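Residue numbers (our numbering): 564 to 843.
Reviewing the structure listed below.
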Ligand SMILES: [Zn+2]
């Protein structure tokens, strides 16, 4: 990627090296909201962890603004690029884009949605409108998922920003409603539609990053490779040796690639309607 002319976003909270502090977990009750992951994890695993750990009184403030180190600068510029792109798209439909905050952390982190752990990968919490990333995941992406490249990392951030867009536009409520109403299988099917739309929104951002001259040759291939590596079928084959489509929460490799491409080809969010299509 070429990010030399891209401003860094200041909407970054750097909790690296701070241990388990901060966050918005209320005393006396845990707000359970939707946490949308990049990988196919069951949100209840994280919420269970949250219930075992009592809220702490530590209120140390995390530094805010773009961190100075190389990775901190990179994620802040990607976030800045997503703000510029979605800011314009929202403006075109006469609404205002409220940017999310990106939280960098090590190991585990407290969010308004419960405890997050780096083992589950990057996630978005709709209750505090923050995306949480342990940068160790980017090393995993390269080493464990064999998906190297800066645009692969940018795709991960853009996917979580896609969930924020779903939150702003009210789409995320569909998942919250599905959780209360329906069977696990039905919930999973709704989750897949949400996730594929977030992939498509990541593609929409990628299209506009291209028009801003931020892409280099090979970048798109990096994102497609990362989308392939994070398909539920691929992950299940790796972790349990067999594939159970009913338990998919993010979609197959083929689907993730296809929806990312759709956004990347057109740059239009309306082409990302995964909810009314009959063929995902
Ligand atoms: Zn997701």
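Using N, Cα and C, we set each Cβ at its ideal position, and we do this for glycine too.
Because the structure is a prediction, the values reported are computed rather than measured.
- Residue 748 sits exposed, since fewer than 16 C-beta atoms from the chains shown fall within 10 Å of its C-beta.
- Nearest to residue 573 by C-alpha distance, out of 647, 703, 681, 655, is 647.
- For residue 671, the enclosing beta strand (DSSP E) has its first and last residue at 671-674.
- In terms of side-chain proximity, the C-beta atom of residue 695 is found no nearer than 7 Å to any non-hydrogen atom of ligand 1.
- Residues of the same chain with a CB within less than 7 Å of the CB of residue 629, apart from the 5 flanking positions on each side, are 571, 572, 573, 575, 635, 636, 639 in chain order.
- Residue 759 carries a helical assignment under DSSP once its states are collapsed to helix, strand and coil.
- Contact between residue 761 and residue 725 holds: CB atoms are separated by about 3 Å, below the 8 Å threshold.
- Proximity of the beta carbon of residue 758 to ligand 1 is indicated: a heavy atom of the ligand is located closer than 7 Å.
- The bridge partners DSSP lists for residue 599 are 687.
- In the structure shown, residue 668 adopts extended strand secondary structure according to DSSP, grouped into three states.
- Set against 7 Å, the gap from the CB of residue 717 to the closest heavy atom of ligand 1 is not smaller.
- For residue 807, the secondary structure class from DSSP, reduced to helix, strand or coil, is coil.
- Residue 775 carries a coil assignment under DSSP once its states are collapsed to helix, strand and coil.
- Taking C-beta atoms as the reference points, residue 770 and residue 677 fail to come closer than 8 Å.
- In the three-state DSSP reduction, residue 678 falls in the strand class (E or B).
- Taken from the Cβ of residue 601, at least one heavy atom of ligand 1 lies inside 7 Å.
- The closest heavy atom of ligand 1 lies less than 7 Å from the beta carbon of residue 761.
- The nearest non-hydrogen atom of ligand 1 is 7 Å or more from the C-beta of residue 727.
- A distance below 8 Å separates the beta carbons of residue 599 and residue 687.
- Taking residue 815 as the centre and dropping the five residues before and after it, the same chain places the C-beta of 794, 795, 796 closer than 7 Å to its C-beta, in chain order.
- The continuous stretches of beta strand (DSSP E) do not include residue 659, and DSSP gives it neither H nor E.
- Ranked by Cα distance from residue 707, the options 763, 714, 682, 721 are led by 682.
- Take the alpha-carbon of residue 745 and the one of residue 737: they are about 11 Å apart.
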